[in-house]
Amino acid sequence: MIRQKAGAPATGRPSDFRVQQLKARDMLRGDVEGAELEKYVEERVLTTTLDKAVRWAQSNALFPATFGLACCAIEMMSIVGGRVDVARFGFEAFRASPRQADLLILSGRISIKMAPIVRRIYDQMLEPKWAIAMGACSSSMGVFNNYAIVPADKFMPVDVHVPGCPPRPEALMHGILKLRKMIQADPDMGWRERYAATGTEEIVDTDGTAQDSADNVYREPTK
Amino acid sequence: MPDATGLELIAQELRDADADAVLETLHFRDKATIIVEPEKVGWVLERLRGKGFSFLASVHGVDYYPEEPRLGVHYELLDMENVDRLTVKLRVHTEAPEVPSVTHDWPTADHQEREIYDMFGVEFTGHPDLRRILMPEDYEGFPQRRDFPVGGEPILFTYNDASGTDYTQ
């Protein structure tokens, strides 16, 4: 007797697999024709739009930048550990260079002296890119709402805010999964336009031809 | 800690050498303090170094608002052989907050004087590189002064939407 998992479709049986194999062979030989061929193709082709496929791929392999700011960074590190294990969803590859990353997790307080540096890291990331403000400090400055700290919204577009002080790793994972859902539904999210935050990538001006009017041109310091 | 008598002896010795250097002595909760003329602080610290207080543990800034003169600088000295501590304090007005730097004699004071300049606006004359150390260099004001606003921002919560405090728009 063939053991079968409850709820699995009938086609999952090994005998059906054998039947399908023979059918596929017939098809390749050109023996299947007419209505039978149409039915065969219909069963095997999944149609989607290219956009959707790309979003599906992007949303399931977000590479966060290796970038910790404060105590939240400890919680951020633990999401790749065995307990929460965000690798299940494809987010475990923390990239050491912003050029290779597409998710910036602002894990901690950002002082006004640090803000230009954070912004530059964001600019160095290539499109498409997303940002998560993790914890109270980077969203609303938390207990450090004073002269030294600036909220992340003020200088860069943030896609998801994760509340908590610090948020538990599960909360951050929930935020990442929210972001994943948002990428699949609407990758632009309206934020980019709101912040006029398109085309913020840094341009490295190696041959001196970049225009002065461009915003993010990096030039070697003249000595 | 020097006891009250020991403190008076140290102060008297300083007074004998320079009549204007020491303004006051204070012995409070077993802690000995000499309050000095700002101009003479370098000389006093050198004198105390000769008496064994050879380690400058830390330099602090203080704002005594609303008392005048408002700003203060504290030098914590440590005698490591006799395990003895002594505090040297001075006060300056906010209008002319100038204190001679002791960085040349006590290199540890370099960053601490910069921090006091950053946070309280005390200007250390003769400091080799007096610029802000914690705040951005173009920052205006001295955030640890008592009359400096605590600052902060209206927070971007949904219920604040109606009040027009949404700075992202």
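So the protein lines, in turn, are chains A and B. Each number in the working numbering comes from the position in the first sequence (counting from 1) with 1065 added on. Each number in the working numbering comes from the position in the second sequence (counting from 1) with 7 added on. Beta carbons are placed, not taken as given, at the ideal position from N, Cα and C, and that holds for glycine. None of the values given here were measured: they were computed from a predicted structure.
Between the C-alpha atoms of residue 1143/A and residue 1235/A there is a straight-line separation of about 10 Å. Beta-bridge annotation (DSSP): residue 92/B is paired with 85/B. With fewer than three CB-CB distances shorter than 8 Å, the stretch 28 to 46 of chain B does not count as touching the stretch 64 to 73 of chain B. Residue 126/B counts as buried, since at least 16 other C-beta atoms from the protein chains shown sit within 10 angstroms of its C-beta. Restricting attention to 53/B, 148/B and 85/B, the CA atom closest to the CA of residue 108/B is found in 53/B. Taking a 10 Å sphere around the C-beta of residue 1196/A, we find 16 or more other C-beta atoms and assign the residue as buried.
For the 7 Å CB-CB criterion, residue 1202/A and residue 1172/A do not form a contact. Taking 7 Å as the threshold, the shortest C-beta distance from residue 1178/A to chain B falls below it.
Counting only residues of its own chain and dropping the five nearest sequence neighbours on each side, residue 1157/A has a CB closer than 7 Å to the CB of 1145 and 1151.
At a cut-off of 7 Å between beta-carbon atoms, residue 1212/A makes contact with chain B. Among the CB atoms of chain A, none fall inside 7 Å of the CB of residue 79/B. If you draw a straight line from the Cα of residue 99/B to the Cα of residue 1240/A, it comes to about 52 Å. If you draw a straight line from the Cα of residue 128/B to the Cα of residue 101/B, it is about 8 Å long. In the DSSP assignment, residue 1188/A falls within the unbroken alpha helix (DSSP H) covering 1180 to 1189.
Under DSSP, the beta-bridge partners assigned to residue 70/B are 78/B.
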